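Each step along the sequence shown adds one to the number in this note's numbering, with nothing skipped, and position 30 is 30.
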Amino acid sequence: MLRHGVFVCFLLGMLIILPLVLAPQPVLAATDSYVNRYLKASEPVALESDADGNTRLFSADDFSAGKVLFEQNCLNCHVGGANLPDPNISLSLADLKGATPPRDNINSLVAYLREPMTYDGSEETFWCRQVPESWMPQAQIENLAAFIIRAAQKAPGWGVENFES
């Protein structure tokens with residue numbers, strides 16, 4: 001009889017506890033701490049989407065997704081915004097703006113990633129991989145471009161020759 005009472009108490013306890021444990025919990029954002037800390041992106045950030053100055057908002061989750069894509073596809077040659085194939089040209093905002101055509105907005109950087117050209121824009125380059133839509137859909141490549149541009153704007157040491165803390 002005592003075992004039956006313990007079993008009933010256990011079942012009642014489980015009936016009370018399980019709904020609390022299994023209740024829907026708000027999904028935590030997949031935001032990278034680097035994005036919040038260094039890219040200052042706890043709120044949506046407006047980035048230029050084209051040369052006419054039109055802007056588009058990117059969330060911390062967008063930047064985090066772009067950072068993951070950067071780490072998976074670009075980091076080997078562009079760690080910290082450097083450019084191992086041509087160390088004289090980095091992913092700094094000044095160098096992105098100085099390219100022909102400039103690569104300092106979402107559309108122009110995406111165009112470059114889709115069809116890489118030399119820095120002066122005179123010919124195709126094979127130093128950077130061409131990223132077709134079949135490999136990286138438009139939304140993903142825009143998040144990648146947003147991460148690169150925002151890092152160039154805000155991340156300490158991004159694309160600089162000598163990092164000083």
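Cβ coordinates follow ideal geometry from the N, Cα and C atoms, glycine included.
These figures come from a predicted structure and were not determined experimentally.
Hey, out of Tyr119, Leu93, Leu109 and Thr100, whose CA is closest to Asp167's CA? Any question about residue 167 goes unanswered here, given that the chain covers just 1 to 165.
Quick one: is Ala151 buried, meaning 16 or more other Cβ sit within 10 Å of its Cβ, or exposed? Walking along the sequence shown from the start, residue 151 turns up at place 151. With 16 or more other Cβ atoms within 10 Å, it is buried.
Quick one: what does DSSP say Ala51 is sitting in, helix, strand or coil? Walking along the sequence shown from the start, residue 51 turns up at place 51. Ala51 falls in the coil class under three-state DSSP.
Integer Cβ distance of Lys154 from Lys40, believed to fall under 8 Å: As a position in the sequence shown, residue 154 is number 154, starting the count at 1. As a position in the sequence shown, residue 40 is number 40, starting the count at 1. Yes, Lys154 and Lys40 are in contact; Cβ-Cβ is about 5 Å, under 8 Å.
Just the Cα atoms here: how many angstroms apart are Val35 and Gln138? As a first step, residue 35 must be located in the sequence shown, where it is residue number 35. As a first step, residue 138 must be located in the sequence shown, where it is residue number 138. Near 21 Å, if we compare the C-alpha coordinates of Gln138 and Val35.
I believe Trp135 touches Ser92 by the beta-carbon criterion, under 8 Å. Please report the beta-carbon distance rounded to the nearest angstrom. Position 135 of the sequence shown, counted from the start, is the residue given in the question as residue 135. Position 92 of the sequence shown, counted from the start, is the residue given in the question as residue 92. With a Cβ gap of about 26 Å, Trp135 and Ser92 do not count as contacting.
Whose C-beta lies closer than 8 Å to the C-beta of Ala145 among residues of the same chain, with five residues either side of it excluded? Position 145 of the sequence shown, counted from the first residue, corresponds to residue 145. Cβ neighbours of Ala145 beyond the five flanking positions: Gly66, Ile106, Leu109, Val110 and Leu113.
Keeping to the same chain, check which residues put their C-beta closer than 6 Å to that of Ser59; ignore five residues upstream and five downstream. Position 59 of the sequence shown holds residue 59. Excluding residues within five positions, the ones whose Cβ falls inside 6 Å are Pro44.
From Tyr119 to Asp61, what distance separates their C-alpha atoms? Numbered from its first residue, the sequence shown carries residue 119 at position 119. Numbered from its first residue, the sequence shown carries residue 61 at position 61. Approximately 30 Å between the Cα atoms of the pair.
To the nearest angstrom, how far is it from the Cα of Ile89 to the Cα of Arg129? Along the sequence shown, read from residue 1 onward, the residue named residue 89 stands at position 89. Along the sequence shown, read from residue 1 onward, the residue named residue 129 stands at position 129. Those two C-alpha atoms are separated by around 16 Å.
Please report the straight-line C-alpha distance between Ser42 and Ser33, rounded to a whole angstrom. The residue labelled residue 42 in the question sits at position 42 within the sequence shown. The residue labelled residue 33 in the question sits at position 33 within the sequence shown. So the alpha carbons of these two residues sit roughly 10 Å apart.
So within the stretch 108–162, which uninterrupted alpha helix (DSSP H) runs reach at least 4 residues, ignoring any that extend past its ends? Counting only runs of 4 or more, we get 138–154.
Does DSSP put Ser103 in a helix, a strand or coil? Here residue 103 corresponds to residue number 103 of the sequence shown, with the count starting at 1. A quick correction: the sequence has Arg, not Ser, at residue 103. DSSP places Arg103 in coil when its eight states are reduced to three.
Please state the DSSP three-state secondary structure of Ala46. In the sequence shown, the residue the question calls residue 46 occupies position 46. Reduced to three states, the DSSP call for Ala46 is strand.
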